[in-house]
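S.K.: Read in order, the letters of the sequence shown are residues -25 to -1, 1 to 156 in mature numbering (1 follows the signal peptide of the UniProt record, and there is no 0). Idealized CB from N, CA, C, for every residue including glycine. Here it is: the structure, laid out below.
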Amino acid sequence: MKITKLLFLPIITLLMISCSSVRVATDYDTKVDFNQYKTFAFYKTGIDKANISDLDKKRIMRAVEAELLAKGMAKSSNPDVLVSLFTKSRERVNITDNNWGYGYGWGWNPWMWNGANRLNVNQYTEGTLFLDIIDAKNKELIWQGIGTGALKMSNVEKREARIKEFVGEIMAKYPPGRDKK
(Lines of atoms letter the chains of each structure in order from A and count residues from 1; the text may use other names and numbers.)
(Lines give C-alpha, C1' and ligand atoms only; values in the text may rest on other atoms or scores of the structure.)
Protein backbone atom coordinates (compact mmCIF):
# COMPACT_ATOMS: atom_id res chain seq x y z
CA MET A 1 0.00 0.00 0.00
CA LYS A 2 2.87 2.42 0.85
CA ILE A 3 4.55 1.65 -2.47
CA THR A 4 1.47 2.63 -4.48
CA LYS A 5 1.24 5.91 -2.58
CA LEU A 6 4.89 6.63 -3.37
CA LEU A 7 4.37 5.81 -7.04
CA PHE A 8 1.43 8.20 -7.40
CA LEU A 9 3.01 11.09 -5.47
CA PRO A 10 4.97 12.36 -8.51
CA ILE A 11 1.83 12.15 -10.65
CA ILE A 12 -0.20 14.17 -8.14
CA THR A 13 2.60 16.73 -7.85
CA LEU A 14 2.80 17.04 -11.63
CA LEU A 15 -0.95 17.58 -11.87
CA MET A 16 -0.83 20.29 -9.21
CA ILE A 17 2.06 22.04 -10.95
CA SER A 18 0.45 21.83 -14.39
CA CYS A 19 -2.76 23.41 -13.07
CA SER A 20 -0.88 26.40 -11.67
CA SER A 21 1.31 27.14 -14.69
CA VAL A 22 0.74 29.63 -17.47
CA ARG A 23 0.93 28.36 -21.05
CA VAL A 24 2.50 31.00 -23.29
CA ALA A 25 2.52 31.45 -27.05
CA THR A 26 4.01 34.35 -28.98
CA ASP A 27 3.98 35.62 -32.53
CA TYR A 28 5.88 38.49 -34.10
CA ASP A 29 6.84 40.21 -37.35
CA THR A 30 10.15 38.63 -38.40
CA LYS A 31 11.09 41.69 -40.49
CA VAL A 32 11.16 44.01 -37.47
CA ASP A 33 14.37 44.95 -35.62
CA PHE A 34 13.22 45.04 -32.00
CA ASN A 35 16.47 46.69 -30.87
CA GLN A 36 15.24 50.00 -32.32
CA TYR A 37 12.45 50.28 -29.75
CA LYS A 38 13.50 52.07 -26.57
CA THR A 39 10.30 53.73 -25.28
CA PHE A 40 6.72 52.63 -24.68
CA ALA A 41 3.28 53.85 -23.66
CA PHE A 42 -0.07 52.16 -23.16
CA TYR A 43 -2.66 52.17 -25.94
CA LYS A 44 -5.67 53.48 -24.06
CA THR A 45 -8.15 52.80 -26.88
CA GLY A 46 -7.29 49.10 -26.89
CA ILE A 47 -7.11 48.75 -23.12
CA ASP A 48 -10.53 50.39 -22.64
CA LYS A 49 -12.09 47.59 -24.72
CA ALA A 50 -10.79 44.83 -22.40
CA ASN A 51 -13.69 43.17 -20.58
CA ILE A 52 -12.21 43.22 -17.05
CA SER A 53 -12.39 45.56 -14.08
CA ASP A 54 -10.45 48.81 -14.10
CA LEU A 55 -8.53 47.55 -11.06
CA ASP A 56 -7.35 44.46 -12.94
CA LYS A 57 -6.40 46.65 -15.92
CA LYS A 58 -4.25 48.76 -13.59
CA ARG A 59 -2.65 45.63 -12.12
CA ILE A 60 -1.82 44.30 -15.59
CA MET A 61 -0.47 47.66 -16.75
CA ARG A 62 1.73 47.99 -13.63
CA ALA A 63 3.10 44.49 -14.19
CA VAL A 64 3.80 45.16 -17.89
CA GLU A 65 5.44 48.48 -17.03
CA ALA A 66 7.70 46.81 -14.46
CA GLU A 67 8.72 44.12 -16.97
CA LEU A 68 9.50 46.64 -19.74
CA LEU A 69 11.43 48.92 -17.38
CA ALA A 70 13.47 45.89 -16.26
CA LYS A 71 14.29 45.23 -19.93
CA GLY A 72 15.76 48.76 -20.26
CA MET A 73 12.83 50.46 -21.95
CA ALA A 74 11.48 53.82 -20.75
CA LYS A 75 7.92 55.07 -20.49
CA SER A 76 7.35 58.09 -22.75
CA SER A 77 4.66 60.45 -24.01
CA ASN A 78 6.22 60.07 -27.49
CA PRO A 79 6.78 56.28 -27.53
CA ASP A 80 8.34 53.93 -30.05
CA VAL A 81 5.79 51.21 -29.22
CA LEU A 82 2.29 51.06 -27.77
CA VAL A 83 1.17 48.27 -25.44
CA SER A 84 -2.41 47.02 -25.60
CA LEU A 85 -4.18 44.17 -23.84
CA PHE A 86 -7.19 41.95 -24.32
CA THR A 87 -8.65 39.22 -22.12
CA LYS A 88 -10.91 36.19 -22.45
CA SER A 89 -12.14 33.67 -19.93
CA ARG A 90 -14.13 30.46 -19.95
CA GLU A 91 -15.33 27.89 -17.47
CA ARG A 92 -13.53 24.53 -17.52
CA VAL A 93 -14.35 21.20 -15.87
CA ASN A 94 -11.84 18.48 -14.89
CA ILE A 95 -13.11 14.98 -14.11
CA THR A 96 -10.72 12.53 -12.46
CA ASP A 97 -11.41 8.82 -11.90
CA ASN A 98 -9.80 7.73 -8.62
CA ASN A 99 -10.17 3.97 -9.11
CA TRP A 100 -6.54 2.81 -9.17
CA GLY A 101 -7.48 -0.52 -10.74
CA TYR A 102 -6.78 -2.97 -7.93
CA GLY A 103 -9.40 -5.40 -6.63
CA TYR A 104 -11.28 -8.44 -7.87
CA GLY A 105 -12.41 -8.40 -11.47
CA TRP A 106 -14.04 -5.62 -13.43
CA GLY A 107 -15.44 -2.87 -11.23
CA TRP A 108 -15.78 -4.89 -8.01
CA ASN A 109 -13.43 -3.82 -5.27
CA PRO A 110 -13.91 -4.75 -1.58
CA TRP A 111 -12.01 -1.61 -0.45
CA MET A 112 -14.22 0.79 -2.40
CA TRP A 113 -17.85 0.02 -1.59
CA ASN A 114 -19.94 0.17 -4.78
CA GLY A 115 -17.38 2.44 -6.40
CA ALA A 116 -18.44 5.39 -4.22
CA ASN A 117 -16.25 8.49 -4.28
CA ARG A 118 -14.43 7.37 -7.41
CA LEU A 119 -14.92 10.55 -9.41
CA ASN A 120 -13.63 14.02 -8.60
CA VAL A 121 -15.12 16.93 -10.49
CA ASN A 122 -13.38 20.32 -10.41
CA GLN A 123 -14.75 23.44 -12.04
CA TYR A 124 -12.47 26.42 -12.58
CA THR A 125 -12.11 29.52 -14.72
CA GLU A 126 -9.42 29.55 -17.38
CA GLY A 127 -8.23 32.99 -18.41
CA THR A 128 -6.32 34.18 -21.45
CA LEU A 129 -4.34 37.41 -21.52
CA PHE A 130 -3.26 38.88 -24.86
CA LEU A 131 -0.47 41.48 -24.77
CA ASP A 132 0.05 43.35 -28.03
CA ILE A 133 3.09 45.49 -28.90
CA ILE A 134 2.26 47.97 -31.67
CA ASP A 135 4.72 50.09 -33.64
CA ALA A 136 3.62 53.62 -32.67
CA LYS A 137 4.75 55.23 -35.92
CA ASN A 138 3.15 52.72 -38.34
CA LYS A 139 0.29 51.63 -36.04
CA GLU A 140 1.06 47.99 -36.92
CA LEU A 141 1.10 44.99 -34.61
CA ILE A 142 4.70 43.77 -34.31
CA TRP A 143 4.52 41.32 -31.37
CA GLN A 144 1.81 39.43 -29.52
CA GLY A 145 2.11 37.33 -26.38
CA ILE A 146 -0.70 35.09 -25.20
CA GLY A 147 -0.83 33.55 -21.72
CA THR A 148 -3.46 31.00 -20.69
CA GLY A 149 -3.98 29.44 -17.28
CA ALA A 150 -6.29 28.77 -14.39
CA LEU A 151 -7.48 31.81 -12.48
CA LYS A 152 -7.33 31.48 -8.70
CA MET A 153 -8.22 34.88 -7.41
CA SER A 154 -9.91 34.48 -4.05
CA ASN A 155 -8.37 37.62 -2.55
CA VAL A 156 -6.54 40.76 -3.65
CA GLU A 157 -3.04 39.46 -2.87
CA LYS A 158 -3.56 36.22 -4.80
CA ARG A 159 -5.15 38.13 -7.70
CA GLU A 160 -2.18 40.49 -7.91
CA ALA A 161 0.33 37.63 -7.65
CA ARG A 162 -1.43 35.65 -10.40
CA ILE A 163 -1.54 38.69 -12.71
CA LYS A 164 2.20 39.28 -12.14
CA GLU A 165 2.84 35.62 -12.91
CA PHE A 166 0.83 35.80 -16.15
CA VAL A 167 2.55 39.00 -17.30
CA GLY A 168 6.01 37.79 -16.26
CA GLU A 169 5.65 34.53 -18.18
CA ILE A 170 4.42 36.34 -21.31
CA MET A 171 6.96 39.17 -21.21
CA ALA A 172 9.82 36.70 -20.70
CA LYS A 173 9.44 36.05 -24.45
CA TYR A 174 9.86 39.74 -25.39
CA PRO A 175 11.78 40.84 -27.38
CA PRO A 176 11.95 37.83 -29.67
CA GLY A 177 15.34 36.25 -30.18
CA ARG A 178 16.66 37.54 -26.86
CA ASP A 179 16.91 34.02 -25.43
CA LYS A 180 19.01 32.85 -28.41
CA LYS A 181 21.93 35.15 -27.55
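(1) Taking the DSSP output, what are the residues bridged to residue 158?
(2) Please classify Arg65 as buried or exposed, where buried requires at least 16 other C-beta atoms within 10 Å of its C-beta.
(3) Output the boundary residues of the beta strand (DSSP E) element that contains Ile(-2).
(4) Between the segment 24 to 39 and the segment 54 to 69, can you find at least three pairs of beta-carbon atoms closer than 8 Å?
(5) Out of Thr100, Arg37, Thr20, Lys127, which has the shortest C-alpha to C-alpha gap to Met146?
(6) Starting from the C-beta of Ala49, find all residues in its chain whose C-beta is less than 6 Å away, skip the five residues before and the five after it, and write them out in chain order.
(7) Can you tell me whether Lys155 is buried or exposed? The criterion is at least 16 other CB atoms within 10 Å of its CB, across all chains shown.
(8) Assign Lys114 to one of two classes, buried (16 or more other C-beta atoms within 10 Å of its C-beta) or exposed (fewer than that).
(9) For Ile70, count neighbouring C-beta atoms within 10 Å of its own C-beta (all shown protein chains included) and say buried if the count is 16 or more, exposed if not.
(10) Following the continuous alpha helix (DSSP H) through Ala136, name the residue where it begins and the one where it ends.
(11) Could you give the distance in angstroms between the alpha-carbon of Leu126 and the alpha-carbon of Ala136?
(12) Using three-state DSSP, classify Ala45 as helix, strand or coil.
(13) Can you grab the Cα-Cα spacing for the pair Asp55 / Tyr12, in whole Å?
(14) Throw me the rounded Cβ distance for the Pro150 and Phe9 pair, which I believe falls under 8 Å.
(15) From Val(-2) to Ile109, what distance separates their C-alpha atoms?
(16) So that I know if they touch, is there some Cβ in chain B lying closer than 8 Å to that of Lys127?
(17) So what's Ser64 in DSSP terms, helix, strand or just coil?
(18) Measuring CB to CB, does Gly124 end up less than 8 Å from Val7?
(19) Report all residues from its chain with a CB closer than 7 Å to the CB of Glu140; omit the five preceding and five following residues, and keep chain order.
M.R.: If we stick to the structure as given:
(1) No statement about residue 158 is possible, as the shown extent of the chain runs from -25 to 156 and does not include it.
(2) exposed
(3) With the sequence shown as reference, residue -2 is identified as Val, and Ile is not the correct amino acid for it. Note, Val(-2): beta strand (DSSP E), -3 to 3.
(4) yes
(5) Arg37
(6) Thr14
(7) With a pLDDT of 49 at Lys155, under the threshold of 50, the modelled position of this residue cannot be trusted; read the value that follows with caution. Counting Cβ neighbours within 10 Å, Lys155 comes out exposed, since fewer than 16 surround it.
(8) exposed
(9) exposed
(10) 131 to 146
(11) 11 Å
(12) helix
(13) 6 Å
(14) 4 Å
(15) 19 Å
(16) Within the model displayed, chain B is absent; a lone protein chain is all it includes.
(17) strand
(18) no
(19) Val(-4)
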